[in-house]
Amino acid sequence: MKDVILALLGFSSGVTVAAGTFAFIAAIGIVPRMAQRTHTSQWIRFYDDIIVLGGLFGTTTMYLKYNLPIGAFLSALWGLAVGIFVGVLAMALAEVLNVMPILMRRGRLRKGIPFLVLAFALGKTAGTLVYFFMPGFYE
Numbered sequence: 142m143k144d145v146i147l148a149l150l151g152f153s154s155g156v157t158v159a160a161g162t163f164a165f166i167a168a169i170g171i172v173p174r175m176a177q178r179t180h181t182s183q184w185i186r187f188y189d190d191i192i193v194l195g196g197l198f199g200t201t202t203m204y205l206k207y208n209l210p211i212g213a214f215l216s217a218l219w220g221l222a223v224g225i226f227v228g229v230l231a232m233a234l235a236e237v238l239n240v241m242p243i244l245m246r247r248g249r250l251r252k253g254i255p256f257l258v259l260a261f262a263l264g265k266t267a268g269t270l271v272y273f274f275m276p277g278f279y280e
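Shown next, in the form of structure tokens:
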């Protein structure tokens, strides 16, 4: 009985977190904005379905061990796609919260804004490389 209650509690907690995550993605309007910028508005429903399937796949990888023989090249493409998605999500959140205008105003920045954005991206890349390739950070 205890295991059943724990399983239900874990499942309901997971559903709640997933619903919050997908509601957050929908609230900041990342999918319609990206579809508008890429002139692929007819594929918005497909994008929504793929995001949900990606969330389900990502969640199940925590509990099930998948062995997909896709090779190094497709693994690199997968990593690139995930990185682009996370980057776009982070920048959309920063845009919604008006982080950049506040940062520019408080830091009295007038020039070099593209370099600031590049520095953010390079810093994130460096942190990711340290996390995955330095022993002891990722196991």
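Residue numbering for the sequence shown follows my numbering, beginning at 142 and increasing consecutively.
A virtual CB, placed ideally from N, CA and C, is assigned to each residue, including glycine.
Where the alpha helix (DSSP H) through LYS252 begins and ends:
Premise fails: LYS252 is in no alpha helix (DSSP H) and is neither H nor E.
Using a Cβ-Cβ cut-off of 8 Å (strictly less than) and excluding sequence neighbours within five positions of LEU215, which residues of its own chain qualify?
none
Alpha carbon to alpha carbon, what distance is there between ARG249 and ASP190?
42 Å
Look up MET203 in the DSSP assignment and say whether it is helix, strand or coil.
coil
If you scan the stretch 150-201 from start to end, which runs of the beta strand (DSSP E) of 3 or more residues do you find wholly inside it?
none
Spell out a yes or no on whether the stretch 149-157 and the stretch 202-215 are touching, meaning 3 or more CB-CB pairs, one atom from each, closer than 8 Å.
no
Inter-residue Cα distance where the pair is MET232 and ASP144:
41 Å
Roughly how many whole angstroms lie between the Cα atoms of GLY199 and GLY224?
14 Å
Excluding sequence positions up to five away, which residues of its chain have a Cβ less than 6 Å from the Cβ of ALA164?
none
Cβ distance (whole Å) where LEU230 is taken to contact ILE185 below 8 Å
Not confirmed; about 16 Å, so no contact.
Exposure of ILE171, with buried meaning 16 or more beta-carbon neighbours within 10 Å:
buried
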